[in-house]
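J.:
Number of protein chains: 2
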Amino acid sequence: MSIRIGIMGYGNLGRGVEYAVKGCPDMELAGVFTRRAPESLQTVSSAPVYAAEAALSMQDKIDVMILCGGSATDLPEQTPYYARYFNVVDSFDTHAKIPEHFADTDAAAKEGGKVALISAGWDPGMFSLNRLYAGAILPHGQSYTFWGKGVSQGHSDAIRRIPGVVDARQYTIPVPEALEAVRSGSCPELTTRQKHTRDCYVVAAEGADKEAIRQAIVTMPNYFVDYDTTVHFISMEEMRRDHSGIPHGGFVIHTGRTGKDGEHGHVIEYRLQLDSNPEFTSSVLVACARAVYRMEKEGQTGCKTLFDVPPAYLSPKSGEELRAEML
Amino acid sequence: MSIRIGIMGYGNLGRGVEYAVKGCPDMELAGVFTRRAPESLQTVSSAPVYAAEAALSMQDKIDVMILCGGSATDLPEQTPYYARYFNVVDSFDTHAKIPEHFADTDAAAKEGGKVALISAGWDPGMFSLNRLYAGAILPHGQSYTFWGKGVSQGHSDAIRRIPGVVDARQYTIPVPEALEAVRSGSCPELTTRQKHTRDCYVVAAEGADKEAIRQAIVTMPNYFVDYDTTVHFISMEEMRRDHSGIPHGGFVIHTGRTGKDGEHGHVIEYRLQLDSNPEFTSSVLVACARAVYRMEKEGQTGCKTLFDVPPAYLSPKSGEELRAEML
Chain A
383 MSIRIGIMGY GNLGRGVEYA VKGCPDMELA GVFTRRAPES LQTVSSAPVY AAEAALSMQD
443 KIDVMILCGG SATDLPEQTP YYARYFNVVD SFDTHAKIPE HFADTDAAAK EGGKVALISA
503 GWDPGMFSLN RLYAGAILPH GQSYTFWGKG VSQGHSDAIR RIPGVVDARQ YTIPVPEALE
563 AVRSGSCPEL TTRQKHTRDC YVVAAEGADK EAIRQAIVTM PNYFVDYDTT VHFISMEEMR
623 RDHSGIPHGG FVIHTGRTGK DGEHGHVIEY RLQLDSNPEF TSSVLVACAR AVYRMEKEGQ
683 TGCKTLFDVP PAYLSPKSGE ELRAEML
Chain B
383 MSIRIGIMGY GNLGRGVEYA VKGCPDMELA GVFTRRAPES LQTVSSAPVY AAEAALSMQD
443 KIDVMILCGG SATDLPEQTP YYARYFNVVD SFDTHAKIPE HFADTDAAAK EGGKVALISA
503 GWDPGMFSLN RLYAGAILPH GQSYTFWGKG VSQGHSDAIR RIPGVVDARQ YTIPVPEALE
563 AVRSGSCPEL TTRQKHTRDC YVVAAEGADK EAIRQAIVTM PNYFVDYDTT VHFISMEEMR
623 RDHSGIPHGG FVIHTGRTGK DGEHGHVIEY RLQLDSNPEF TSSVLVACAR AVYRMEKEGQ
683 TGCKTLFDVP PAYLSPKSGE ELRAEML
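So the sequence lines, in the order shown, correspond to chains A and B.
If you number the first sequence the way the numbering used here does, the last residue is 709 and the count never jumps.
If you number the second sequence the way the numbering used here does, the last residue is 709 and the count never jumps.
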């Protein structure tokens with residue numbers, strides 16, 4: 383029997399979940415739920431579209447609801463709300479608010495007898511897992527996370543709000559020398575500026591003061607002032623041609639020491655290079671939906687993260703197959 | 383209360399476990415067990431040494447027994463034997479025989495009401511986990527494993543058996559062009575020869591026929607004939623000075639595609655660079671001992687692998703700490 387998936391919210395992430403579910407023979411898409419007018423929305427796979435309010439009447443048709451809203455305002459409300467009625471998975475990524483989001487969702491899922499898995503994706507998600515594994519194996523060591531090269535949506539939006547800017551794309555790029563220093567095992571103390579640079583591609587309005595725009599960007603508090611930031615002015619045509627993708631990725635590098643007196647050094651490095659940040663995140667969400675389904679069938683309830691999931695639960699293969707083919 | 387660890391077998395791996403346990407504040411070393419004369423053996427931490435036969439009388443003093451024997455002859459007997467009496471962890475690494483070893487150990491551990499975790503280390507172990515995670519997230523893709531640069535003990539031994547060879551060290555090295563081809567996402571078909579080269583450092587006896595030794599190495603079936611092999615003759619002094627370490631490592635690279643028509647490519651890369659192959663393996667064994675202890679406390683029994691372990695169980699940190707610090 384297939385795992386029946388519901389998608390709540392149909393932006394980049396929801397569409398990515400739709401693609402990923404299509405590629406999983408053990409799953410089927412039961413429906414897409416939207417706050418927009420359902421008839422205004424055409425899904426790629428012709429899956430049925432329902433109004434978000436219709437979800438609660440479909441509890442017996444959906445095994446796992448994947449929540450594809452944003453972390454700023456959607457998920458803090460939606461995840462605890464739906465965790466009462468469905469097994470749910472979300473990609474909540476506001477790191478500082480994870481403990482609160484976990485507590486809210488845990489209480490709701492336990493009341494409903496459901497399993498909720500929060501903060502799936504790559505960071506939080508696969509990067510978090512790699513920090514945990516590496517730290518558990520080499521406790522006398524240090525983990526470093528670098529992001530990029532990739533598009534930062536929040537920083538791109540911040541540039542777009544500057545007067546005279548028509549469109550903008552911001553890339554976060556790890557500093558190669560910082561990566562090398564970390565890999566060397568020297569456990570360097572690195573400032574914000576030493577770890578990443580920011581590269582901005584901006585389409586300015588005709589007649590706009592480009593130098594004023596550049597100054598507004600590089601001095602912007604929180605977003606840019608602590609980084610070495612480069613601003614490139616390009617045409618709308620170049621923007622469309624060269625910067626329409628949403629690539630991202632990065633590195634988790636952990637170095638640690640073992641031996642009688644720490645005489646041996648080790649480097650554990652995990653790297654992602656993603657053509658599509660939302661589609662990769664969606665693919666993690668879908669694997670987590672499989673795990674959540676199994677955990678609920680086992681009788682578990684409450685809020686989980688990838689830290690709590692036996693890795694085998696993410697795979698459609700049996701224990702025997704995994705041991706024979708992958709161990 | 384500390385987790386009380388026993389070490390069965392005191393070679394490179396057992397000593398590595400001793401170092402790793404010393405570095406874990408939540409653990410203590412209850413004893414080292416050996417088939418040699420106990421009084422002949424001096425442990426680094428002055429832990430007590432017992433004859434292997436004394437182990438069974440110490441069941442109430444040991445929470446997890448870490449089995450540090452070899453995969454060829456020790457572990458196939460020891461792991462099922464001790465799994466009846468102790469929670470155990472081993473590093474069984476004969477990939478083809480894992481299903482059989484699992485079945486034997488599972489039956490024994492279930493009879494004894496214990497938890498056994500087999501095939502911990504880096505391959506099998508952390509590399510296996512990365513193959514599983516990557517394949518579950520990006521099922522439309524392919525995983526490649528490369529080993530090295532590192533010392534292959536079995537291949538070094540094979541060279542030492544050639545007449546006229548006094549000492550030898552063999553390094554396995556991934557072919558850079560193969561790594562690049564895999565990272566490109568082209569999913570190349572790679573032959574054995576295209577993936578790795580073998581680099582041999584040999585000390586020849588005085589007057590030995592070096593060309594004959596070289597020929598014997600490069601044409602050796604199974605070990606070398608399918609590889610591009612380079613032989614360097616060096617002095618015993620150079621061997622001691624430059625080749626006394628046991629470094630190893632390698633790469634698991636998975637590429638996969640997502641999107642409506644697979645239009646987006648992704649690369650997941652996990653890399654290890656280890657100064658000491660046995661000490662890193664030992665560090666994984668010790669983290670697994672923590673997980674095994676917790677799984678038994680929960681009421682689980684039987685044989686497990688890293689695929690079955692919720693990652694959080696490997697870490698001494700609490701769920702709250704992990705979510706706040708690492709997620």
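Where a beta carbon is used, it is the ideal one built from N, C-alpha and C, also for glycine.
State yes or no: is the beta carbon of Phe689/B nearer than 8 Å to at least one beta carbon in chain A?
T.: Yes - at least one Cβ of chain A is within 8 Å of the one on Phe689/B.
J.: For the alpha helix (DSSP H) containing Arg466/A, list its first residue and its last residue.
T.: Neither: Arg466/A is in no alpha helix (DSSP H) and is coded neither H nor E.
J.: Strictly below 9 Å CB to CB, what residues from chain B border Asp539/A?
T.: The premise fails here: Asp539/A is roughly 22 Å from chain B at the closest Cβ pair, so nothing lies under 9 Å.
J.: I'd like to know whether the C-beta atoms of Ile599/A and Ile544/A end up nearer to each other than 8 Å.
T.: Cβ distance < 8 Å, so Ile599/A and Ile544/A count as in contact.
J.: In angstroms with no decimal places, state the Cα-to-Cα distance between Met618/A and Gly546/A.
T.: Cα to Cα, Met618/A sits roughly 14 Å from Gly546/A.
J.: List the residues of chain A that Ser735/B touches, going by C-beta distances under 8 Å, in chain order.
T.: This structure cannot speak to residue 735/B, because chain B is shown only from 383 to 709.
J.: Listed from N- to C-terminal order along the chain, which residues in the segment 406-421 of chain B have their beta-carbon within a distance smaller than 7 Å of any beta-carbon of chain A?
T.: Result list: Cys406.
J.: I'd like to know if Ser453/B contacts chain A, where contact means its C-beta is closer than 8 Å to some C-beta of that chain.
T.: Cβ-Cβ to chain A under 8 Å: no for Ser453/B.
J.: How would you label Ala594/A, buried or exposed, when you count the other beta carbons within 10 angstroms and need 16 or more for buried?
T.: Burial call: exposed.
J.: For Ala465/A, count neighbouring Cβ atoms within 10 angstroms of its own Cβ and tell me buried if that reaches 16, exposed if not.
T.: Result: buried.
J.: Tell me which residue opens and which closes the alpha helix (DSSP H) that Pro660/A is part of.
T.: Looking at the DSSP string, the run of the alpha helix (DSSP H) that includes Pro660/A is Asn659 to Lys679.
J.: Could you have a look at Asp624/B and say whether DSSP puts it in helix, strand or coil?
T.: Three-state result, Asp624/B: helix.
J.: So which residues on chain B does Leu520/A lean against when the C-beta distance must stay under 7 Å?
T.: Within 7 Å Cβ-Cβ: Ser665.
J.: If the cut-off is 8 Å on Cβ atoms, which residues from the segment 442-473 of chain B count as contacting chain A, listed in chain order?
T.: Correct list: empty, as no residue qualifies.
J.: Run the CB neighbour count on Met383/B, radius 10 Å, all protein chains shown included, and call it buried at 16 or more, exposed below.
T.: By the neighbour-count rule (16 or more Cβ atoms within 10 Å), Met383/B is not buried but exposed.
J.: Just to make sure I have the definition right: I need the residues of chain B whose C-beta is within less than 8 Å of the C-beta of Phe484/A. Which are they?
T.: Those within 8 Å of Phe484/A in chain B are Arg705.
J.: Could you say if the segment 693-701 of chain B and the segment 682-696 of chain A meet the contact criterion of at least three C-beta pairs nearer than 8 Å?
T.: The segment 693-701 of chain B is in contact with the segment 682-696 of chain A.
J.: Any beta-carbon of chain A closer than 8 Å to the one on Ser642/B?
T.: The residue you asked about is not Ser; residue 642/B is Lys in the sequence shown. It does: the Cβ of Lys642/B has a partner Cβ on chain A nearer than 8 Å.
J.: Counting contacts by CB-CB distance shorter than 8 Å, is Ile389/B in contact with chain A?
T.: No, because no Cβ of chain A sits closer than 8 Å to the Cβ of Ile389/B.
J.: Taking the beta strand (DSSP E) that Ser525/A belongs to, which residues open and close that run?
T.: Gly523 to Trp529 is the extent of the beta strand (DSSP E) around Ser525/A.
J.: Any idea which residues DSSP pairs His477/B with across the strands?
T.: None, per the DSSP bridge assignment.
J.: Below 8 Å on the Cβ atoms is my contact criterion, and I expect Ser658/A with Gly641/B to pass it. Report the Cβ-Cβ distance as a whole number of Å.
T.: That pair is a contact at about 7 Å.
J.: Just confirm the distance between the C-beta atoms of Ser501/B and Phe474/B, as a whole number of angstroms; I'd bet it's less than 8 Å.
T.: Confirmed, Cβ separation roughly 5 Å.
J.: Just list the beta strand (DSSP E) runs in the segment 561-597 of chain A, keeping only unbroken ones of 3 residues or longer that don't cross its boundaries, in chain order.
T.: Within the segment 561-597 of chain A, the complete beta strand (DSSP E) runs of at least 3 residues are 578-586.
J.: Looking at C-beta atoms only, is the number of pairs between the segment 665-679 of chain B and the segment 441-450 of chain B that lie closer than 8 Å three or more?
T.: Yes: the two stretches touch, three or more of their Cβ pairs being nearer than 8 Å.
J.: Please compile the residues from chain A whose C-beta is within a distance smaller than 8 Å of the C-beta of Ser697/B.
T.: Those are Leu514, Gly517 and Ala518, listed as they occur along chain A.
J.: Taking the C-alpha atoms as reference points, what is the distance between Asp505/A and Phe662/A?
T.: Each residue's alpha carbon lies about 11 Å from the other.
J.: Would you say Ala490/B and Pro521/B are within 8 Å of each other, going by their C-beta atoms?
T.: Taking 8 Å as the Cβ cut-off, Ala490/B and Pro521/B do not qualify as a contacting pair.
J.: Are His614/A and Val584/A touching if we call contact CB-CB under 8 Å?
T.: Taking 8 Å as the Cβ cut-off, His614/A and Val584/A qualify as a contacting pair.
J.: Going by the CB atoms, is the gap between His636/B and Gln524/B shorter than 8 Å?
T.: Yes, Cβ-Cβ distance for Gln524/B and His636/B is below 8 Å.
J.: State the DSSP-derived secondary structure class of Leu514/A, mapped to helix, strand or coil.
T.: Leu514/A: helix per DSSP, three-state reduction.
J.: Measure from the C-beta of Ile480/B to each C-beta in chain A and report whether the shortest distance is under 8 Å.
T.: Interface residue, yes.
J.: How many angstroms separate the CA atom of His727/B from the CA atom of Thr416/B?
T.: Given that chain B is displayed from residue 383 to residue 709, the structure contains no residue 727/B and the question cannot be resolved.
J.: Glu651/B CB to nearest chain A CB: under 8 Å?
T.: At least one chain A Cβ lies under 8 Å of Glu651/B.
J.: Could you name the residues that DSSP lists as bridge partners for Val414/B?
T.: Val414/B pairs with Ile389/B and Val431/B.
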